[in-house]
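I have placed the structure first, in the form of structure tokens, so that the comments after it can refer back to it.
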Ligand code: AMP
Ligand code: GLY
């Protein structure tokens, strides 16, 4: 089978790494890819939302399966685009259709879905420009901190958590009236603050059945001790040590099952990954958010623990035979530490040569924001590389990642030295 992965980050390098190991994969393409995918696949210089260019590439390269890495193409309806095109309708797409992608594309849609299917989540109300005054009144009924969420996609920046009521009112006005996040904040969801520790659960579904992949925890803030600005993710650990069997059963029964059942009841076709962002409040899991794709850098610790041939899984997902596939998981822990460009997530420089990759033997380096340039590998983004290691415990794995990082360098390289600190 010929396979195309859409995306250019560490997540997509990890997909390519895993797919390249499959006996079912003949030719592998990544669009647009990075220096890491270039070593395993053919990179195609095509943007992930350029559907017409993707169509040509799929036809020219006789692609059988497309794996959609990021959310944007899904929310823009890439799966529907394939289904509605005579030349593409038999190509399998891993990722939900547009209607179900609204679980990530609209916070309000996701909250209504959870309410309808009794899935535990924070209490909420949503507001628009014309009822901003009601929004202020609703804020007055809540205790701090106040959680404001832009309804639409805002590149991971649309959630504000504020300690002060006046500040919350000002930000609500900024979002609704002054379009702080553009169209994404035409609506704002105001939520009850949930206090607890976060983890993520990853589910595969063919629309009928589901399989649960290992849990992971990511570290989103730039600073050690989880302080400072939010990033795409600075590291991750799998499995999550506090996710006991009892807690995992609660996640499956109270959240995963009703989610997959809810999709069916609501007639929302879904072939793809469901990434459920959870928070453990007391002993109970509650949903913070849905994403309709895998997480990054969670993929860099979850897929290395998957022993089953991933292409076999994708085929079963697209044939609605997922229930017949056994998912085999490596018992070892996996951890990853993200190397980022100095200054990230604010302004940073690009084009810095990366040294030492040839010395790494105890870890797997997944490339993210890096590209090949005249035989060199240079930085091209904020999150540059994810250094993943296995261990008998997450402590052992993390130690290996840090030892490998000591062999790597580029100008102004930064990483968090405390991944896993809170476990
Ligand atoms: P989201 O984009 O919905 O995942 O939100 C981004 C981050 O904000 C989450 O990872 C949480 O750390 C935090 N967050 C979101 N909603 C809540 C909530 N209701 N209570 C506490 N923290 C939240
Ligand atoms: N690591 C969080 C995300 O991929 O959204």
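In the working numbering, the protein residues as written are 16 to 438. Ideal placement from N, C-alpha and C gives every residue a C-beta, glycine not left out. All values reported here derive from a predicted model rather than from experimental measurement.
What three-state label does DSSP hand residue i in the structure shown?
i: residue 26; result: helix
i: residue 143; result: strand
i: residue 177; result: strand
i: residue 164; result: strand
i: residue 188; result: helix
i: residue 354; result: strand
i: residue 409; result: helix
i: residue 428; result: strand
i: residue 307; result: coil
i: residue 439; result: The displayed coordinates of the chain run from 16 to 438. Any statement about residue 439 would go beyond what the structure contains.
i: residue 57; result: strand
i: residue 374; result: helix
i: residue 4; result: Beyond the ends of the chain as shown, which are 16 and 438, falls residue 4; an answer cannot be given.
i: residue 249; result: coil
i: residue 129; result: helix
i: residue 233; result: strand
i: residue 433; result: coil
i: residue 348; result: strand
i: residue 95; result: helix
i: residue 334; result: coil
i: residue 198; result: helix
Only counting the same chain, and skipping five residues up and downstream in sequence, which positions put a Cβ closer than 6 Å to that of residue i?
i: residue 178; result: 159, 160
i: residue 221; result: 286, 332, 335, 337
i: residue 391; result: 368
i: residue 354; result: 399, 400, 428, 430
i: residue 244; result: 237, 360
Using a Cβ-Cβ cut-off of 7 Å (strictly less than) and excluding sequence neighbours within five positions of residue i, which residues of its own chain qualify?
i: residue 316; result: 231, 251, 252, 253, 349, 350, 351, 403
i: residue 229; result: 253, 254, 317, 320, 344
i: residue 363; result: 356, 357, 397
i: residue 311; result: 24, 25, 26, 247, 248
i: residue 97; result: 103, 104, 106, 108
Residue j and residue i - do their beta-carbons sit closer together than 9 Å?
i: residue 290; j: residue 217; result: yes
i: residue 257; j: residue 205; result: no
i: residue 298; j: residue 262; result: yes
i: residue 26; j: residue 246; result: no
i: residue 63; j: residue 21; result: yes
i: residue 151; j: residue 187; result: yes
i: residue 144; j: residue 185; result: no
i: residue 269; j: residue 134; result: yes
i: residue 80; j: residue 108; result: yes
i: residue 423; j: residue 374; result: yes
i: residue 288; j: residue 180; result: no
i: residue 274; j: residue 305; result: yes
i: residue 116; j: residue 94; result: yes
i: residue 128; j: residue 281; result: yes
Quick one: Cα of residue i to Cα of residue j, how far?
i: residue 416; j: residue 379; result: 9 Å
i: residue 327; j: residue 82; result: 13 Å
i: residue 394; j: residue 105; result: 38 Å
i: residue 90; j: residue 110; result: 10 Å
i: residue 360; j: residue 119; result: 22 Å
i: residue 126; j: residue 272; result: 17 Å
i: residue 341; j: residue 226; result: 9 Å
i: residue 346; j: residue 157; result: 43 Å
i: residue 87; j: residue 76; result: 23 Å
i: residue 314; j: residue 248; result: 11 Å
i: residue 199; j: residue 376; result: 44 Å
i: residue 264; j: residue 277; result: 18 Å
i: residue 408; j: residue 182; result: 43 Å
i: residue 412; j: residue 382; result: 19 Å
i: residue 136; j: residue 295; result: 11 Å
i: residue 114; j: residue 17; result: 27 Å
i: residue 175; j: residue 162; result: 6 Å
i: residue 193; j: residue 436; result: 39 Å
i: residue 207; j: residue 414; result: 37 Å
Skipping 5 residues on each side, what residues in its chain have a beta carbon closer than 8 Å to that of residue i?
i: residue 196; result: 165, 167, 169, 172, 173, 190
i: residue 293; result: 213, 214, 215, 216, 266, 270, 300, 301, 302, 303
i: residue 58; result: 44, 45, 46, 47, 48, 49, 52
i: residue 279; result: 222, 223
i: residue 242; result: 236
Since residue i and residue j are thought to touch, with beta carbons under 8 Å apart, how far apart are those beta carbons, to the nearest angstrom?
i: residue 324; j: residue 42; result: Between residue 42 and residue 324 the Cβ distance is about 17 Å, and since that is not below 8 Å, they are no contact.
i: residue 112; j: residue 284; result: 5 Å
i: residue 239; j: residue 433; result: 4 Å
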